[in-house]
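Student:
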Amino acid sequence: MKEVLPIMSTPISSSYIHEVKLPAGSVHVYANPELFAGLDYKVFNMANNNLQIPGIQYMGYTPDVHVGIGTCIGTTAVWDASAGYVSPSIVGSDIGCGMRVHLTNLHRDDLQDVKLRRKLVKTIEKYLPMESQQRGHFADLRLEHVVRKGLHGLPNKYIPDSYTPKKSTSLTHVEESRFSFNEEVLNGVRDQTWGRAHRQLGTLGGGNHFAEIQALEIDEEHRHIAEAWGMSDGQIVVMIHSGSRSWGGSISQESNQVMLSQMQRLGLGTADPRLAFLPLAHPEGQYYVNMMYSALNYATVNRHLIAYSIREAFRDVFGNGCEMRTLYDLMHNYAWAEERDEGAVFIHRKGATRALPAGHAGNPKPYLATGHPALIPGSMGTSSYIMVGQPGGYDNYYSICHGAGRARSRSATKKLVTVDQFASSLKVGTADEIVVNQRSLESILDESPQAYKDVDQIIESVTGAGLASVVAKCKPLAAIKGAK
DNA sequence: ATGTCC
């Protein structure tokens, strides 16, 4: 592929916000000077390809941006909501991939003993289903109800706080509890796809997906928000990172192929032959949007069920008085319509988290006054963050980072990092050990912190650019990774 | 990310 270099880069209002002008248009990059200087030129090459899609109104990069298939992870791309385009490449293969945090009534001191952390991890392994060894978990669930109705498709027993409706947070403290769509698209789904997706419900999956037990460190400046959200220093929380498993995977793959062949017929294309897109109004564009929404339902329910299993394990270890209410569930891979000052727009976020500020009408009701929690995972063994949006996010359509951002490929990481180095970053063998469920660290070596950029630099870029603020830092005590 | 080749 031909190398495309930025013609000009102009700082906008601060050294943290850059407008990079390319032959096909411009991309706004939110990054501190150090991260900006270290960006791979390939991300600009990729931006230039994406800017060739007709009618694009805006493109932004978050500080954790890195090369992906067709489109960088860390992209926000915007079209008109009625006359625009949709691209599975700018959603990402794991449709609905996202984060969830639950608040417990336990304190860091309760988990001081490394043996107790080991017991907790073992118990979570017992309750958390694995696709490869199903033991009848969730046999009473109808997958069809789940993909059609999201959290509202679950029987009451899976809404753990449903017995106190006024205090229930399972259905209210989420980005969306149900995505509505034209359900006719489901008629064409193969039996095998239904079956596999049902077996995978409530499972973590591989790659960078995880469940972590963390302890909170509240940011002094935003303590009032933490308190309003029910968070306190040393509080134990459960953070979950997962997506729509093979349900969303097959939608991505099939729509990519179908769209690329339709594009050929219509004479559409960019310099990147893998970059798939079609007009929103095209039947295959409509098909993708509808199926994508079913995957957003699947992904939200999947994280909910992972939390349900972990809650069962916590109650097994700590007794029935152990609470685990939902703080929030939100996604970083999707496309949907949003209202703006200028009218309705169709926004893609690929590895970008929406962080709405206080008072924004897009907040779910419980978070209207404060802004909703924006959940940002760190790399394994490093801190994660709970943030809140700031008004300065408007220009970037309120998108912030989605994590540390990969610094090197999985294969390059495996060559660079030894198992001993990984073990030492997890403090294995010490009283502070971050207990991991996997027996062989080698199998998840490509997830070691050395594979990722420094999450603190990413967060500093987001706060420095005025996009969002840190409400709490989350220090990991134990991590559960999915099986390969 | 992933049914890592229906």
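First residue of the first sequence: 138, per this note's numbering; consecutive thereafter.
By construction, the Cβ of each residue, glycine as well, lies at the ideal position given by its N, Cα and C atoms.
Whose CA, out of Asp328, Met376, Val554, His469, lies closest to the CA of Ser585?
Tutor: Within the first sequence, residue 585 is the residue found at index 448, counting from 1. Out of Asp328, Met376, Val554, His469, Val554 has the C-alpha closest to the C-alpha of Ser585.
Student: Note down the Cα distance separating Gly287 from Pro200, rounded to an integer number of angstroms.
Tutor: As a first step, residue 287 is located in the first sequence; it is residue number 150 there, counting from the start. As a first step, residue 200 is located in the first sequence; it is residue number 63 there, counting from the start. Between Gly287 and Pro200, the C-alpha separation is close to 31 Å.
Student: Report the partner residues of Arg237 according to the DSSP bridge assignment.
Tutor: Along the first sequence, read from residue 1 onward, the residue named residue 237 stands at position 100. Answer is Ile377, Asp466, bridged to Arg237.
Student: Secondary structure at Leu243, three-state DSSP: helix, strand or coil?
Tutor: Translated into the one-based positions of the first sequence, residue 243 becomes position 106. It is a strand residue.
Student: Do three or more CB pairs link the region 555-571 to the region 588-597 at distances below 8 Å?
Tutor: Because the criterion of three Cβ pairs below 8 Å is not met, the region 555-571 and the region 588-597 do not touch.
Student: Thinking C-beta only, is His469 closer than 9 Å to Cys209?
Tutor: If you number the first sequence from 1, residue 209 lands on position 72. If you number the first sequence from 1, residue 469 lands on position 332. It is not a contact, given that the beta carbons lie outside the stated cut-off.
Student: Can you check whether the CB of Ala348 is closer than 9 Å to the CB of Phe261?
Tutor: Counting from 1 along the first sequence, the entry for residue 261 is found at position 124. Counting from 1 along the first sequence, the entry for residue 348 is found at position 211. Residue 261 is actually Ile in this sequence, not Phe. The answer is yes: Cβ separation under 9 Å.
Student: Report the CB separation of Glu320 from Arg285 in whole angstroms; it is logged as a contact under 8 Å.
Tutor: Working through the first sequence from its first residue, we reach residue 320 at position 183. Working through the first sequence from its first residue, we reach residue 285 at position 148. About 6 Å; that satisfies the 8 Å criterion.
Student: For Asn427 versus Arg382, is the C-beta spacing smaller than 9 Å?
Tutor: As a first step, residue 427 must be located in the first sequence, where it is residue number 290. As a first step, residue 382 must be located in the first sequence, where it is residue number 245. In this structure, Arg382 does not lie closer than 9 Å to Asn427 by Cβ.
Student: Do the region 391-404 and the region 479-497 touch if we need at least three Cβ pairs shorter than 8 Å?
Tutor: No, because fewer than three Cβ pairs between the region 391-404 and the region 479-497 fall closer than 8 Å, the two stretches do not touch.
Student: DSSP has Leu353 in a bridge; who is on the other side?
Tutor: Here residue 353 refers to the residue found at position 216 of the first sequence. BP columns for Leu353 point to Cys611.
Student: Does DSSP put Thr632 in a helix, in a strand, or in coil?
Tutor: Only positions 138 to 621 of the chain appear in the structure, and residue 632 is not among them; the question remains open.
Student: Is Met183 near Gly619, with beta carbons less than 9 Å apart?
Tutor: Mapped onto the first sequence, residue 183 falls at position 46. Mapped onto the first sequence, residue 619 falls at position 482. Not a contact, by the Cβ cut-off of 9 Å.
Student: If you drop the 5 nearest sequence neighbours on each side, which residues of the same chain put their C-beta closer than 6 Å to that of Thr519?
Tutor: In the first sequence, residue 519 corresponds to position 382, counting from 1. Excluding sequence neighbours, Thr519 sits near Pro586, Val592.
Student: Considering only DSSP beta bridges, list what Leu573 is partnered with.
Tutor: Taking the first sequence and counting its residues from 1, one reaches residue 573 at position 436. Here residue 573 turns out to be Val, not Leu, going by the sequence shown. Val573 is bridged to Ala616.
Student: Run through the region 472-521 for me and flag every whole beta strand (DSSP E) of 3 or more residues, listed as ranges in chain order.
Tutor: Those beta strand (DSSP E) runs which fall completely within the region 472-521 and span 3+ residues are 480-487, 510-513.
Student: Could you please give me the residues that DSSP links to Phe347 through a beta bridge?
Tutor: Your numbering for residue 347 matches position 210 in the first sequence. DSSP output for Phe347 lists His378, Lys618 as bridge partner(s).
Student: Considering only their Cβ atoms, is the gap separating Cys538 from Glu354 smaller than 9 Å?
Tutor: In the first sequence, counting from the first residue as 1, residue 354 sits at position 217. In the first sequence, counting from the first residue as 1, residue 538 sits at position 401. Not in contact: Glu354 and Cys538 (Cβ atoms no closer than 9 Å).
Student: Is the region 504-523 touching the region 354-373 in the sense that three or more CB pairs, one from each, lie closer than 8 Å?
Tutor: As far as the Cβ criterion goes, the region 354-373 touches the region 504-523, which means the pair count is three or higher.
Student: Suppose the cutoff is 6 Å on Cβ atoms and the five residues either side in sequence are ignored; what does the same chain contact list for Gly515 look like?
Tutor: Looking up residue 515 in the first sequence gives position 378. The residues are Ser521, Ala541, Val592.
Student: Could you tell me the distance, in whole angstroms, from the CA atom of Val223 to the CA atom of Trp216?
Tutor: On the first sequence, residue 223 is found 86 positions in, with the first residue counted as 1. On the first sequence, residue 216 is found 79 positions in, with the first residue counted as 1. Computed Cα separation, rounded: 8 Å.
Student: Buried or exposed: Ala481, going by 16 or more other Cβ atoms within 10 Å of its Cβ?
Tutor: Along the first sequence, read from residue 1 onward, the residue named residue 481 stands at position 344. That one is exposed.
Student: Is it right to say Glu479 is buried, meaning 16 or more other beta carbons lie within 10 angstroms of its own, or is it exposed?
Tutor: Here the question's residue 479 lines up with position 342 in the first sequence. The residue in question, Glu479, is exposed, as its Cβ has fewer than 16 Cβ neighbours within 10 Å.
Student: Can you find the residues in the same chain that come closer than 6 Å, C-beta to C-beta, to Phe414, ignoring five residues on each side of it along the sequence?
Tutor: For this step, residue 414 is matched to residue 277 along the first sequence. Ile190, Tyr222, Ser224.
Student: Once you ignore the five residues that flank Ile193 on each side, which residues in its own chain have a CB closer than 8 Å to its CB?
Tutor: By 1-based counting over the first sequence, the position of residue 193 is 56. Hits under 8 Å: Gly162, Asn187, Ala214, Val215, Trp216, Tyr222.
Student: Note down, one range per segment and in chain order, each beta strand (DSSP E) of at least 3 residues found wholly within the region 520-600.
Tutor: Correct list: 521-526.
Student: Taking the straight line between their C-alpha atoms, what separation do you get for Leu291 and Ile513?
Tutor: As a first step, residue 291 must be located in the first sequence, where it is residue number 154. As a first step, residue 513 must be located in the first sequence, where it is residue number 376. Approximately 27 Å between the Cα atoms of the pair.
Student: Among the residues of its own chain, which have a CB less than 8 Å from the CB of Tyr264, if the five just before and after it don't count?
Tutor: Mapped onto the first sequence, residue 264 falls at position 127. Result list for Tyr264: Ser446, Ile447, Glu449, Ala450, Asp453, in chain order.
Student: Classify Val178: buried if its beta carbon has 16 or more other beta carbons within 10 angstroms, exposed otherwise.
Tutor: Here residue 178 is taken as the residue at index 41 of the first sequence, counted from 1. Correcting the residue type first, residue 178 is Tyr in the shown sequence and not Val. Tyr178 is exposed by the Cβ-count criterion.
Student: Please name the residue in Asp250, Ile227, Glu171 whose C-alpha comes closest to that of Gln390.
Tutor: Locating residue 390 in the first sequence gives position 253, where the first residue counts as 1. Per the Cα distances, Ile227.
Student: What does a CB cutoff of less than 8 Å around Lys502 pick up in its chain, not counting 5 residues either side in sequence?
Tutor: Counted from its first residue, the first sequence places residue 502 at position 365. Excluding residues within five positions, the ones whose Cβ falls inside 8 Å are Thr309.
Student: Should Val283 and Asn434 be called a contact, given that it needs their Cβ atoms to be closer than 9 Å?
Tutor: Here residue 283 is taken as the residue at index 146 of the first sequence, counted from 1. Here residue 434 is taken as the residue at index 297 of the first sequence, counted from 1. Their beta carbons are under 9 Å apart, which means Val283 touches Asn434 by this criterion.
Student: I'd like to know whether the C-beta atoms of Gly339 and His274 end up nearer to each other than 9 Å.
Tutor: On the first sequence, position 202 is the one that residue 339 refers to. On the first sequence, position 137 is the one that residue 274 refers to. Cβ distance < 9 Å, so Gly339 and His274 count as in contact.
Student: Helix, strand or coil for Val166? Go by DSSP, reduced to three states.
Tutor: Locating residue 166 in the first sequence gives position 29, where the first residue counts as 1. Strand.
Student: Which residues share a DSSP beta bridge with Gly197?
Tutor: Locating residue 197 in the first sequence gives position 60, where the first residue counts as 1. Answer is His165, Thr213.
Student: Are there 16 or more other CB atoms within 10 angstroms of the CB of Arg547, so buried, or fewer, so exposed?
Tutor: Numbered from 1 along the first sequence, position 410 holds the residue referred to as residue 547. Result: exposed.
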